[in-house]
Structure formats: C-alpha cells, structure tokens
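Written below as structure tokens is the structure these notes are about.
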C-alpha cells in the first residue's frame with residue numbers, strides 16, 4: 002500500500018509539474034507572440050505588394066510607407082501690399098498645382114480660380130495653361146493695371162518655373178479674352 006501511495010504521489014507530483022510547466026510555457030509564449038505581433042505591426046513592410054513600388058527611407062532612415070514628392074524652389078510673382086509693386090518670393094513646390102496655390106495665397110488669384118491643365122513642350126520652350134471661367138472673371142474684373150499685374154504674375158511665374166519662353170493662356174479650352182486684350186497667341190515674360 003505504501004508502495005502504491007508512493008507511486009500515486011509520484012505520479013501526482015509529475016502530473017502537477019507537467020501541468021505547471023506547460024502552463025508556464027504557454028503563459029510565457031503568449032506575451033512573446035503578442036510582442037512579435039506588435040513588432041510586426043510597428044514595422045513597415047519590406048516587400049512591395051500589389052505592384053506598389055518600395056518607397057525611399059525618410060530623413061531619419063525610417064520608411065514611413067509614403068513617398069514624398071520631389072520639391073524645388075521657384076519664384077512666385079505677386080503684388081506687394083506695401084509698395085503696390087510686382088515682386089516675387091521663393092516657394093517650394095512639387096508641381097504646377099502648388100504654383101497655382103501659391104498665386105492664390107499671395108492674392109493674385111482667388112480661391113474659386115482653378116488651374117485646369119498645364120502642358121509643357123520642352124522641345125520648343127512653350128507651354129499651354131488652361132484655367133476656369135472664374136479665373137477669367139477675376140482678370141476681367143480689374144482695370145488695365147490690375148489685369149496686367151494678374152496676367153503678368155501668372156505668366157512670369159509659370160514661364161520661369163518651367164524655363165519656357167512662351168505661354169498660351171486659355172479659358173476652359175477656348176481663347177482667353179479680357180476686357181482689354183485677347184490672349185490668342187503665346188505671351189512672353191512681362192516687364193513691369
């Protein structure tokens with residue numbers, strides 16, 4: 002009987018240690034699995050998926066998963082409120098829409114003015130800029146001096162930004178006509 006009791010106690014102790022050991026291992030594996038899941042959630046994917054290109058690392062060496070557009074500095078022409086003279090300021094832009102937004106921020110264009118398209122012909126140094134009717138209305142609402150300043154600021158800003166010699170301004174695909182002029186050909190840079 003003692004022998005059976007010893008065997009039974011031994012088996013019970015072995016079972017207890019196995020249960021406790023397995024329980025410890027499971028408990029220690031769960032946090033490790035959770036930590037591993039957290040680590041993979043916080044790390045960017047290393048391979049592009051679904052045809053996406055791998056984005057470059059950020060300045061701090063981390064990959065934020067978003068590619069940043071390349072920017073460059075251009076001069077945006079506007080009328081200075083203090084001097085009433087046409088002047089320019091350097092702004093960082095990524096594309097033609099950033100230039101348009103800078104012209105809006107400087108007061109040359111209003112918020113309802115929209116750039117519809119910009120086509121640059123690098124071979125002959127010309128470009129075509131199409132805008133909406135609200136832009137045409139903005140120009141037409143000005144006197145001769147205001148019109149010259151607005152059109153000149155648009156023309157000079159885009160010509161300089163894209164290193165072109167001539168720009169054709171169109172309103173919703175058609176000839177742009179103001180109260181004082183018809184812009185049916187290519188314009189060169191304005192002198193103020």
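Numbering (the working numbering), first residue to last: 2 to 193. The beta-carbon is built from N, C-alpha and C at its ideal position, and this holds for glycine as well.
- Task: In angstroms with no decimal places, state the Cα-to-Cα distance between residue 104 and residue 152.
- Result: Each residue's alpha carbon lies about 11 Å from the other.
- Query: So the alpha helix (DSSP H) residue 186 belongs to, where does it begin and stop?
  - Reply: First-last for residue 186: undefined, no H or E at that position.
- Message: Looking only at its chain, what residues have a beta carbon closer than 6 Å to the beta carbon of residue 185, apart from the 5 residues adjacent to it on each side?
- Response: Only 176 meet the Cβ criterion.
- Query: If we ignore side chains and look at the alpha-carbon of each, how far apart do residue 163 and residue 89 end up?
  - Reply: So the alpha carbons of these two residues sit roughly 16 Å apart.
- What's the C-alpha gap between residue 182 and residue 115? Their backbone Cα atoms lie some 21 Å apart in a straight line.
- Leaving out five residues on either side along the sequence, give the residues of the same chain with a beta carbon under 7 Å from the beta carbon of residue 140. Here the set comprises 148, 151, 152 and 179.
- Query: With which residues is residue 73 paired in a DSSP beta bridge?
  - Reply: Answer by DSSP bridge pairing, in chain order: 94.
- Query: Between the C-alpha atoms of residue 119 and residue 192, what's the straight-line distance to the nearest angstrom?
  - Reply: Whole-angstrom Cα-Cα distance: 23 Å.
- Message: Considering only their Cβ atoms, is the gap separating residue 76 from residue 158 smaller than 8 Å?
- Response: For residue 158 and residue 76, yes; Cβs fall inside 8 Å.
- residue 127 - partner residues in DSSP beta bridges: Answer is 122 and 167, bridged to residue 127.
- Which of helix, strand or coil DSSP assigns to residue 56: Here the model assigns residue 56 a pLDDT of 43, short of 50, so the residue's position is not dependable and the matter cannot be decided.
- Spatial distance of residue 144 from residue 93 (CA atoms): Between residue 144 and residue 93, the C-alpha separation is close to 31 Å.
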